[in-house]
Amino acid sequence: MASAMRLEGKIALVTGAGSGIGRATAQLFAVNGAAVVVADINAEGGRETVRRIGDTGDRALFLQADVSRAADVEALVIRSIEEFGRIDILVNNAASWKGDTTITGVSEPVWDAVIDGSLKSVFLMSKAVIGEMLRSGGGSIVNISSVNGIYGVGLTAYSAAKGGVQALTRVVAAEYGTRGIRCNVILPGTIGTDSSLAVWHSKPDALDQIIAAYPMGHIGRPEDVACCALFLASDESAFVTGSSYLVDGGLTAGRNFGF
Ligand SMILES: NC(=O)c1ccc[n+]([C@@H]2O[C@H](COP(=O)([O-])OP(=O)(O)OC[C@H]3O[C@@H](n4cnc5c(N)ncnc54)[C@H](O)[C@@H]3O)[C@@H](O)[C@H]2O)c1
Numbered sequence: 025m026a027s028a029m030r031l032e033g034k035i036a037l038v039t040g041a042g043s044g045i046g047r048a049t050a051q052l053f054a055v056n057g058a059a060v061v062v063a064d065i066n067a068e069g070g071r072e073t074v075r076r077i078g079d080t081g082d083r084a085l086f087l088q089a090d091v092s093r094a095a096d097v098e099a100l101v102i103r104s105i106e107e108f109g110r111i112d113i114l115v116n117n118a119a120s121w122k123g124d125t126t127i128t129g130v131s132e133p134v135w136d137a138v139i140d141g142s143l144k145s146v147f148l149m150s151k152a153v154i155g156e157m158l159r160s161g162g163g164s165i166v167n168i169s170s171v172n173g174i175y176g177v178g179l180t181a182y183s184a185a186k187g188g189v190q191a192l193t194r195v196v197a198a199e200y201g202t203r204g205i206r207c208n209v210i211l212p213g214t215i216g217t218d219s220s221l222a223v224w225h226s227k228p229d230a231l232d233q234i235i236a237a238y239p240m241g242h243i244g245r246p247e248d249v250a251c252c253a254l255f256l257a258s259d260e261s262a263f264v265t266g267s268s269y270l271v272d273g274g275l276t277a278g279r280n281f282g283f
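Sequential numbering of the sequence shown, starting at 25, is according to the working numbering.
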């Protein structure tokens, strides 16, 4: 039976936890008994997440890091281990899409930056944390991809990176299954985070058109993704690895033509 505190005694590291989905995930994990490392490049956002977690009496630590840089990732993991002794759960949530556009419009520097921020970061974090998980007997890695990884809706480098995150998930699952490390991936549809809403509100009618594409008639909340991450992080998903979970309000299921 699942305990009410589904992550009691676990240590979790969430990247990009200074806002949006990462923040909601860090908060939900803490409420469920985990001690949480809040990692973000943005110190203000990261500290705010820790403050919110602290308000409910739970344990969290902010560590500033650019997870697309190997030196930052190594320092982040070393500090996390110094503080908490091990890492049971890694959520690779941080990503970037700044400047990304069509294949003819995207420049090489933007392509490199987006791939580094959204795919290389997952490689670097997984590599560093898997070493620690092997030492401590296993763990669960939850990668945050996107419907963009399986469904062509624009953003060239970001979509390629997110498809890569799904492939990496399967590689890790296959390679480390017998050594107690599970790895799964979540593909969110449009989620109403501050950063995504800022983009959609800047384009006339964009949000209405997006909502109209969703069979459920609305976009998602950060908590919708966090709840799926909680299941994948917890022992309730003990026999689940290498799996992809759509949290997309039916966007990729198809559409009802009414005949
Ligand atoms: N919001 C959506 O509609 C949506 C849809 C599908 C997938 N996703 C995915 O969900 C995840 C979170 O999205 P969000 O909307 O919450 O974004 P967000 O912009 O609200 O949060 C991302 C956080 O990651 C941090 N970050 C970015 N690059 C970093 C780096 N190199 N190192 C450390 N921290 C870094 C940012 O500072 C920010 O706090 C991303 O992987 C995104 O691709 C979001």
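For every residue, glycine included, the Cβ atom is placed at its ideal position computed from N, Cα and C. On a predicted model such as this, the values are computed, not experimentally measured, just so you know.
Whether residue i touches residue j by CB criterion (8 Å)
i	j	result
R51	I77	The sequence as given places Gln at residue 51; Arg does not occur at that position. Result yes, Cβ atoms of Q51 and I77 sit closer than 8 Å.
A257	I113	yes
T217	I45	yes
A84	V62	yes
I136	Y182	The sequence as given places Asp at residue 136; Ile does not occur at that position. Contact: no.
S142	A185	yes
T39	N167	no
G155	R203	no
S169	Q190	yes
T180	I111	no
Rounded separation between residue i and residue j - CA only
i	j	result
V177	A41	25 Å
A59	G70	15 Å
V101	S164	15 Å
M157	F147	15 Å
H242	T276	14 Å
S92	F281	43 Å
V209	D229	31 Å
I234	G188	25 Å
N66	S219	13 Å
P239	V271	13 Å
L37	V153	9 Å
N56	R30	5 Å
G173	S268	11 Å
R206	T214	26 Å
E32	G129	48 Å
V138	V195	21 Å
A119	K144	10 Å
H225	L231	7 Å
E199	A94	22 Å
E72	F283	50 Å
G278	G109	46 Å
E17	D79	Residue 17 lies beyond the stretch modelled for the chain, which goes from 25 to 283, so this question has no answer here.
V74	A222	24 Å
K227	D64	28 Å
Nearest residue (CA-CA) to residue i, options the options
i	options	result
Y175	G141, R75, P212, F281	P212
E68	V138, E106, A99, S43	S43
G81	N66, N116, M157, F53	F53
W121	V115, E199, V134, L37	V134
T193	R279, T265, F108	T265
G274	F108, L221, G244	G244
T49	S226, F255, S268	F255
A28	F283, E260, G278	E260
F86	D79, R103, E32	R103
E98	S226, T180, S150	S150
C252	V115, E107, K227	V115
G201	A262, R75, R279	A262
V171	V74, V249, R47, E72	V249
Range of the contiguous alpha helix (DSSP H) that encloses residue i
i	result
R298	The structure shown does not extend to residue 298, since the chain is modelled only from 25 to 283, so the question has no answer here.
I35	Element bounds for I35: not the alpha helix (DSSP H) but the beta strand (DSSP E), 35-39.
D136	132-139
L100	94-108
V177	Neither: V177 is in no alpha helix (DSSP H) and is coded neither H nor E.
A312	Since the first residue of the chain shown is 25 and the last is 283, residue 312 is not available in this structure.
L270	L270 -> not in any alpha helix (DSSP H); beta strand (DSSP E) instead, spanning 268-271.
F53	44-55
F147	145-160
H225	218-225
I215	Segment: none, I215 is in no alpha helix (DSSP H) and carries neither H nor E.
E361	Within the shown structure, residues of the chain are numbered from 25 to 283, placing residue 361 beyond reach of any answer.
E68	67-79
First and last residue of the uninterrupted beta strand (DSSP E) at residue i
i	result
D165	Strictly speaking, residue 165 in this sequence is Ile, with Asp absent from that position. Element bounds for I165: 163-168.
P9	Absent from the structure is residue 9, since the part of the chain shown begins at 25 and ends at 283.
I113	113-116
L87	84-88
V62	59-64
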